[in-house]
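Residue numbers (the working numbering), protein chains in the order written: chain A, 2 to 189; chain B, 79 to 506; chain C, 22 to 328.
1) Within the same chain, show all residues whose beta-carbon is closer than 7 Å to that of residue 150/A, passing over the 5 residues directly before and after it, in chain order.
2) Considering only residues of the same chain and omitting the five flanking positions on each side of residue 32/C, which have a CB-CB separation below 6 Å?
3) Leaving out the 5 sequence neighbours to the left and right, which residues in its chain are closer than 8 Å to residue 128/B when beta-carbon positions are compared?
4) For residue 96/B, collect the residues of the same chain with a Cβ closer than 8 Å to its Cβ; drop the 5 residues on either side in sequence, then sort them by chain order.
5) Is the stretch 477-491 of chain B close to the stretch 166-182 of chain B, with three or more CB pairs under 8 Å?
6) In chain order, what residues of the same chain have a beta carbon less than 7 Å from the beta carbon of residue 86/C, not counting five sequence neighbours either side?
7) Within the continuous alpha helix (DSSP H) that includes residue 362/B, where are the two ends?
8) Using beta carbons (cut-off 7 Å, strictly below), is residue 280/B in contact with chain C?
9) Bridge partners of residue 499/B, per DSSP?
10) From 378/B, 376/B and 402/B, pick the residue whose C-alpha is nearest to that of residue 388/B; which is it?
11) Measure the alpha-carbon distance for residue 414/B versus residue 82/C and round it to whole angstroms.
12) Could you tell me whether the stretch 176-188 of chain A touches the stretch 108-116 of chain B, using the rule of 3 or more Cβ pairs below 8 Å?
13) Does any CB atom of chain A fall closer than 7 Å to the CB of residue 62/C?
14) Within the 7 Å Cβ cut-off, does residue 470/B reach chain C?
15) What's the C-alpha gap between residue 419/B and residue 427/B?
16) For residue 274/B, does the three-state DSSP call read helix, strand or coil?
17) Is the beta carbon of residue 203/B closer than 7 Å to that of residue 236/B?
18) By Cβ distance below 6 Å, which residues in the same chain neighbour residue 104/C in space, the five residues on each side in sequence not counted?
19) Short of 9 Å Cβ to Cβ, which residues in the stretch 125-154 of chain C face chain B?
20) Return the bridge partner residues of residue 45/A from the DSSP annotation.
21) Quick check: is the beta carbon of residue 161/A nearer than 7 Å to any beta carbon in chain C?
22) At 4 residues or longer, what runs of the alpha helix (DSSP H) sit wholly inside the stretch 104-151 of chain B?
23) Between the stretch 22-42 of chain C and the stretch 318-327 of chain C, can you find at least three pairs of beta-carbon atoms closer than 8 Å?
24) Using a Cβ-Cβ cut-off of 6 Å (strictly less than) and excluding sequence neighbours within five positions of residue 117/B, which residues of its own chain qualify?
25) Leaving out the 5 sequence neighbours to the left and right, which residues in its chain are closer than 8 Å to residue 288/C when beta-carbon positions are compared?
26) List the endpoints of the continuous beta strand (DSSP E) containing residue 478/B.
27) Identify the continuous alpha helix (DSSP H) that holds residue 250/B and give its terminal residues.
28) Where does residue 357/B land, buried or exposed, given buried means 16+ other C-beta within 10 angstroms?
29) Determine, using beta carbons only, whether residue 132/A comes closer than 7 Å to chain C.
30) Could I get the ranges of all uninterrupted alpha helix (DSSP H) runs contained in the stretch 111-141 of chain A, with 4 residues as the minimum, in chain order?
31) Would the beta-carbon of residue 104/A fall within 7 Å of that of residue 143/A?
32) Using a Cβ cut-off of 9 Å, pull out every chain A residue sitting near residue 66/C, in sequence order please.
33) Which partner residues of residue 226/B appear in the DSSP bridge assignment?
34) Using a beta-carbon distance below 7 Å, is residue 104/A in contact with chain C?
35) I need the straight-line Cα distance from residue 322/B to residue 377/B, nearest angstrom please.
Pasting the structure below:
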């Protein structure tokens, strides 16, 4: 969950990396790249990773519809149960709903997330997808890739490459959560 | 060997209260008065600021020997008794074998002699094997040294058997002691029946299980004229009935245990097995009634129902764990608590630990009269201490009072003119 | 909001927020149990021990399935059937099990308070799967989940619990939870089956079944322990069944949308008529299905690292 706006704007060390316009243009470009790479939208599906990825996936569905005139199926994924740090945590995270209301067999699934960092979330998301069905192919779209990968994972579609140091925090703030659209870096 | 106890505040209930010296000689109280001089070779104990009282008499202990020596022996139980100021204790017959015959009684007396600490007086069984069917050889038991009869823990349910026991006991001037509990009403119960048993899902023992048997026993005592002693009464109903019975002249005495005037059923919460006893801890209203009964003399005697159980037995889950707690080493400060609280005068409290129990069983104990057995206890009424079960002389540690900060401690215990217990304080 | 407790011992000790958290978490597992592959890796590497001192195939199986669907290792241990030496206390048994590095112990025991006693003695998390007449929290939670699944709101909900409340851990857990959640709870049965002062827990007692069922939204039938016949709780099964058995006619006294619940196993024709057990208002099988999801939710919430 993103923190409320006022809390963030108060912080002196917040640095805006992308504004609403930047995000909108990046999403449009990614939509075009997805359609181009998959030669249309036949067999194309989108699955957003909770919570930021879900909002972005919905935006991509709209963009793709404006390009191709077709609404592609969309799913929502909560990867909590597949996290690799569950056994280490004292309090278990709140579970949210997973809903992939279509059969993924022989489909292309574009996983959508807001920030790509260590790659652990994407690993969990892929395992989760595999339990839900057998997609023909999984691709990955992210708004921000901030590096520091701990697993051999690479995004197919990237809104912006953002070099960061490990102790920085990158956040994607979206209208859907009552924020002004922006991507920021917070110093730890 | 003589002992001179100098300068203590002597408290001999119904007889003498004041600063005085006590001289003990040849196992008897030799003199009581001002400025007594010690004979040659006498040991002098300075007791100024201390209470000097007759040794306490406990009508209700379980020393577990023979049969359950892992819980307590007559040796360890006697050591606990004298550490708690008790010089005379009456042992319930629920040993294995049951003390329903001369051999067991003699065995217990012999063990007591070997221990050489407290006067251990056996209580014989009412019925063979305490099975409630056939009378035990009560005459024989009396002759070999039993001071009362009881089927404690296994109440005599058959009223005809109880009637005959009371009648028969008259011939030997024996007090009949009953643990009043209707075993059918109490069946399976392990705590007081009430809101807490409902909440905890534990089978309850209703007050009525005690009350109906108190009523029956009072009726039978009235019918037979027998001397009846009611063990550990715990309910407001029992107190009310005993009060009324005494007014009508029935030969009844009653005892209460410290846990029944200090604790309520609330203590069971958390399934605390040290709060599991029989009769169970009752409600606040019952505790108030017990205190009122002690105050107005309805309840004559304070007894401990000292019931040792091994740690592993009390570690079982609540329904499996045995009933009972040890009490000999905590009874004095808890009783003095009633004095602090203003329920009893100090003299009344001491009386309920000394002369009253002696009278209930017709024992020649509990007094500092010249010529009486020199059973004496010297107590520091002000000393504060914390109850630490690991320091108990008893073999068992099952007490709900662990960690309690209490006031009043035994400094010296003398039995038959011999110092059998003393703390470092008394040495100085 | 998270479940910040080592053990789940009773519903009396849970807050309404905690109860609701468990029910909401169950939604996620309901989705998982609806999948083709009904297994998630959440409890990989964790060990769950089902320690059942009382035989109970259904509760044990439900916990076993729940743990397995979370990828935990499951050990079933029934001391009555195994070689527990008499004299070994519950705590000894449990410490032995703990030494096998159990993360969660699910305990069923015939003594009230056994779970609490155990929880104080071991570092593992303890889940009470029924202790004597005291509580059966996971059963009540699945009952609550089943009610909520039907779109019913707890506040103002009228619930009749019918039968031997006195000896029922299911009833106690449900009373605690439903009263907390704002439901109106009516206990229906003869006075011999009502524990002392139970009204003080916030429930109403009705000796007359027709009166007790009037306008209720939920009827929870309790299993009649047939062996209690002749133990002075009720004269005969025949009379009990006439006075407190749930028949189709009696269901009609309740609210039209009433649901009928039973923790099982049912005595057909004793406390519940077969046509009622098999009717559309019966949610007995939903309860069983929800049991696995609820227990997955609880195991998940309890599986955090122990400090």
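Positions of the beta carbon are idealized from the N, C-alpha and C atoms, including for glycine.
Reading off the structure:
1) Residue numbering aside, residue 150/A sits at position 149 when the first chain is read from its first letter. The answer, listed in chain order, is 119 and 120.
2) As a first step, residue 32/C is located in the third chain; it is residue number 11 there, counting from the start. Answer for residue 32/C: 158, 161, 194, 197 and 198, listed in chain order.
3) For the purposes of this step, residue 128/B is identified with residue 50 of the second chain, where counting begins at 1. Result list for residue 128/B: 86, 87, 456, 457, 458, 459 and 489, in chain order.
4) Locating residue 96/B in the second chain gives position 18, where the first residue counts as 1. Once the five neighbours on either side are set aside, the close Cβ partners of residue 96/B are 87 and 88.
5) no
6) Counting from one through the third chain, the residue named residue 86/C turns up at place 65. Same-chain partners within the cutoff: 313.
7) Within the second chain, numbered from 1, the residue matching residue 362/B stands at position 284. Residues 362-373.
8) As a first step, residue 280/B must be located in the second chain, where it is residue number 202. Interface residue, yes.
9) The residue you call residue 499/B lines up with position 421 of the second chain. Note: residue 499/B sits in a beta bridge opposite 491/B.
10) The residue you call residue 388/B lines up with position 310 of the second chain. Closest by alpha carbon: 402/B.
11) As a working note, residue 414/B is residue 336 in the second chain. As a working note, residue 82/C is residue 61 in the third chain. If I take the Cα positions, the gap works out to 57 Å.
12) no
13) Taking the third chain and counting its residues from 1, the one referred to as residue 62/C is at position 41. At least one chain A Cβ lies under 7 Å of residue 62/C.
14) Reading the second chain from its first residue, position 392 is the one you call residue 470/B. With 7 Å as the cut-off, residue 470/B does not count as an interface residue toward chain C.
15) Counting from 1 along the second chain, the entry for residue 419/B is found at position 341. Counting from 1 along the second chain, the entry for residue 427/B is found at position 349. Approximately 12 Å, taken between the alpha carbons.
16) As a first step, residue 274/B is located in the second chain; it is residue number 196 there, counting from the start. Of the three classes helix, strand and coil, the one that applies to residue 274/B here is helix, per DSSP.
17) Residue numbering aside, residue 236/B sits at position 158 when the second chain is read from its first letter. Residue numbering aside, residue 203/B sits at position 125 when the second chain is read from its first letter. No; because the gap between Cβ atoms is not below 7 Å, this pair is not in contact.
18) Taking the first residue of the third chain as position 1, residue 104/C is located at position 83. With a pLDDT of 48 at residue 104/C, under the threshold of 50, the modelled position of that residue is not reliable, and the figure given next carries that caveat. Within the same chain, residue 104/C has no close Cβ partners at all.
19) 130, 131, 132, 133, 134, 135, 137, 138, 139, 141, 142, 152, 153 and 154
20) Locating residue 45/A in the first chain gives position 44, counting from the first residue. Its beta-bridge partners are 109/A.
21) The residue given as residue 161/A occupies position 160 in the first chain. So, not an interface residue.
22) none
23) yes
24) Taking the first residue of the second chain as 1, we reach residue 117/B at position 39. For residue 117/B, where only same-chain residues beyond five positions count, the Cβ hits under 6 Å are 80.
25) By 1-based counting over the third chain, the position of residue 288/C is 267. Only 244, 245 and 247 meet the Cβ criterion.
26) Here the question's residue 478/B lines up with position 400 in the second chain. From DSSP, residue 478/B is part of no beta strand (DSSP E); its letter is neither H nor E.
27) On the second chain, residue 250/B is found 172 positions in, with the first residue counted as 1. First-last for residue 250/B: undefined, no H or E at that position.
28) Locating residue 357/B in the second chain gives position 279, counting from the first residue. Burial call: buried.
29) One-based indexing of the first chain puts residue 132/A at position 131. It does: the Cβ of residue 132/A has a partner Cβ on chain C nearer than 7 Å.
30) 121-133
31) The residue you call residue 104/A lines up with position 103 of the first chain. The residue you call residue 143/A lines up with position 142 of the first chain. No, they are not a contact pair.
32) By 1-based counting over the third chain, the position of residue 66/C is 45. 88, listed in chain order.
33) In the second chain, residue 226/B corresponds to position 148, counting from 1. In the DSSP output, where bridge partners are listed per residue, residue 226/B has 253/B.
34) Here residue 104/A refers to the residue found at position 103 when the first chain is read from its first residue. Answer no: the Cβ-Cβ gap between residue 104/A and chain C never drops below 7 Å.
35) In the second chain, the residue the question calls residue 322/B occupies position 244. In the second chain, the residue the question calls residue 377/B occupies position 299. Approximately 12 Å between the Cα atoms of the pair.
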